[in-house]
Amino acid sequence: MNAYDFLLSLDRLDGRLIDETMDCLYPKERRSGRHVVRTLLIAVVLASLFTAAAFASDFLGFREAIIKPESIGRIPDFTVTHEDGSTETRDMSNSAGVSMTKPENAPESMQPWVENINTAAKEWSDYRREEWKRYLNEMLPNVGRFYDGSSTEEPEYVNNGDGTYTVKPVKQRIYKDPVTAPVIEYEDESSFFVISEEEYENITELSQIFYGGYYQSKYDWNYGAWDEASDAKLAEIAEKHGLRLRSGETKLYWDERPIANGAPADRCFSPEEFVRMLTERCCKGDFFKTVPTAFDKLYFLSTGSFGLCCELPVEDGAELCVYIRNTVSDEFATGNEIGAIVTDYTKYLTRTRTAPDGTELYIAQGDEDAYIYAYLDSSFMVMNVYVNPFGNNPDLKLTEDYVNQAADSFNYTNL
Numbered sequence: 248m249n250a251y252d253f254l255l256s257l258d259r260l261d262g263r264l265i266d267e268t269m270d271c272l273y274p275k276e277r278r279s280g281r282h283v284v285r286t287l288l289i290a291v292v293l294a295s296l297f298t299a300a301a302f303a304s305d306f307l308g309f310r311e312a313i314i315k316p317e318s319i320g321r322i323p324d325f326t327v328t329h330e331d332g333s334t335e336t337r338d339m340s341n342s343a344g345v346s347m348t349k350p351e352n353a354p355e356s357m358q359p360w361v362e363n364i365n366t367a368a369k370e371w372s373d374y375r376r377e378e379w380k381r382y383l384n385e386m387l388p389n390v391g392r393f394y395d396g397s398s399t400e401e402p403e404y405v406n407n408g409d410g411t412y413t414v415k416p417v418k419q420r421i422y423k424d425p426v427t428a429p430v431i432e433y434e435d436e437s438s439f440f441v442i443s444e445e446e447y448e449n450i451t452e453l454s455q456i457f458y459g460g461y462y463q464s465k466y467d468w469n470y471g472a473w474d475e476a477s478d479a480k481l482a483e484i485a486e487k488h489g490l491r492l493r494s495g496e497t498k499l500y501w502d503e504r505p506i507a508n509g510a511p512a513d514r515c516f517s518p519e520e521f522v523r524m525l526t527e528r529c530c531k532g533d534f535f536k537t538v539p540t541a542f543d544k545l546y547f548l549s550t551g552s553f554g555l556c557c558e559l560p561v562e563d564g565a566e567l568c569v570y571i572r573n574t575v576s577d578e579f580a581t582g583n584e585i586g587a588i589v590t591d592y593t594k595y596l597t598r599t600r601t602a603p604d605g606t607e608l609y610i611a612q613g614d615e616d617a618y619i620y621a622y623l624d625s626s627f628m629v630m631n632v633y634v635n636p637f638g639n640n641p642d643l644k645l646t647e648d649y650v651n652q653a654a655d656s657f658n659y660t661n662l
């Protein structure tokens, strides 16, 4: 598998989600040397972040719109060691997962749609959760509790050399510097116990069943179907709620810059060609008021939804990155498809803004990025806006004016 085939497999996962998740779970300086089975724990923590529920209070609050309620505070505090040796402990009590594909709440006129799609997503999530518990009970009868979503620390496993492993529950891992192994503080020795080699190997086996792609589902991998029975259950829920499932096929394109690094030229286009392609496939007219300076990617889903990441110039020489996901309203979106993790959702200030074409926009702005979301006639759109870290002025502060300029750069009624 080359680099671009790998990118294709992650075509709808925002790269910043991966970075932010790994920063939260394990600081960047310390990611090497992790035991392979930690993949299962990471996957379970991510899955637990992406749960479906809705708040019934003020819609205009950021949390009530796109924050995943049960994700709040799921990430533990952690300490980062900087290059100069100084340390910083980050408070993650107000951390939360954000969905860019499925709203948690909506204006009153959109409530029936939101309630229907949230109910469908919950049915599927509940089914997966119950099946996961069943697999844990069958395959990991003694250590399954470490992978049920309630724990963020995987135990240490010591090979006894006789076909068994000693399990040493971990209280915390303390990192003294970026390169040496962490100091592990274990629970009391009375909590240590022994498991069979078969159960130990089942940890990796279970991660492969649910997250490793053993089964080739007929539907998008983001749904997380792992066998024919789960495929059938997914289709049953979608039909019950009148929703369409995404197929596993996605059309993904890049701009011309990656060609030098081996990207296939027949899938790389200029910004002008991207604009034309999007207009022809998904729009009634021009979506962009001005052509972006560059596109990181553009992709189309089988349901008619699309996503893109572009670089947008604004006044004062600033250059913004804008990640857009437009999800058609009859698509079965679980909320897990595209998302991010915010460190402190309480720091996001919310407001409304009317775009030049009359579309009512809801904006939640933090110190470093902003989310703009719109409920359109036949789709739900979310934009994540931040100053381009590789642009001409990467140190500029994201101001309210910059966010407003980004919000006014699109013709929403042409979707």
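Residue numbers (the numbering used here): 248 to 662. From the three backbone atoms N, C-alpha and C, an ideal C-beta is built for every residue, glycine too.
Exercise. Tell me, which residues are paired with Q419 by DSSP?
Worked result: E432
Problem set entry | Continuous beta strand (DSSP E) assignments of at least 3 residues falling wholly in the segment 308-361 | 325-328, 334-337 and 343-346
Exercise. Touching or not, the segment 315-335 and the segment 560-578, by the rule of three or more beta carbon pairs under 8 angstroms?
Worked result: no
Exercise. Quick one: is L548 buried, meaning 16 or more other Cβ sit within 10 Å of its Cβ, or exposed?
Worked result: buried
For this session: Could you check if S464 is buried or exposed, using at least 16 other CB atoms within 10 Å of its CB as the buried criterion?
Result: buried
Exercise. If we count the other Cβ atoms within 10 Å of its Cβ and call it buried at 16 or more, is K544 buried or exposed?
Worked result: buried
For this session: Compute the Euclidean distance between the alpha carbons of V405 and V390, then round it to the nearest angstrom.
Result: 14 angstroms
Problem set entry | Bridge-paired residues (DSSP) for A621 | M628
Exercise. In its own chain, which residues sit with a C-beta less than 7 angstroms from the C-beta of V575, not counting the 5 before and 5 after it?
Worked result: T550, G551, S552, S625 and S626
Problem set entry | Distance, N384 Cα to F743 Cα | Residue 743 cannot be examined here, being either before or after the span of the chain that is shown, 248 to 662.
Exercise. Could you check where the alpha helix (DSSP H) with E446 kicks off and where it finishes?
Worked result: E444 to Y458
Exercise. What three-state label does DSSP hand P560 in the structure shown?
Worked result: strand
Exercise. Would you call G460 buried or exposed, if buried means 16 or more other Cβ atoms sit within 10 Å of its Cβ?
Worked result: exposed
Exercise. If we call anything under 8 angstroms between Cβ atoms a contact, is F535 one with L555?
Worked result: no
For this session: Assuming A602 contacts L596 (C-beta within less than 8 angstroms), just tell me the rounded distance between them.
Result: At roughly 19 angstroms, the Cβ-Cβ gap does not stay under 8 angstroms, so A602 and L596 are not in contact.
Exercise. Which residue spans inside the segment 543-612 form an unbroken beta strand (DSSP E) run of at least 3?
Worked result: 553-560, 566-575, 586-589, 596-601 and 607-612
For this session: Consult DSSP for D467 and reduce its assignment to one of helix, strand or coil.
Result: coil
Problem set entry | Cα-Cα separation, F439 to K415 | 5 angstroms
Exercise. Near Y649, what residues of its chain come up, given a Cβ to Cβ distance below 7 angstroms and the 5 sequence neighbours on each side ignored?
Worked result: V561, A565 and L567
Problem set entry | Where L662 sits in the DSSP three-state scheme | coil
Exercise. Which residues share a DSSP beta bridge with K205?
Worked result: Because the chain here runs from 248 to 662, residue 205 falls outside it and cannot be looked at.
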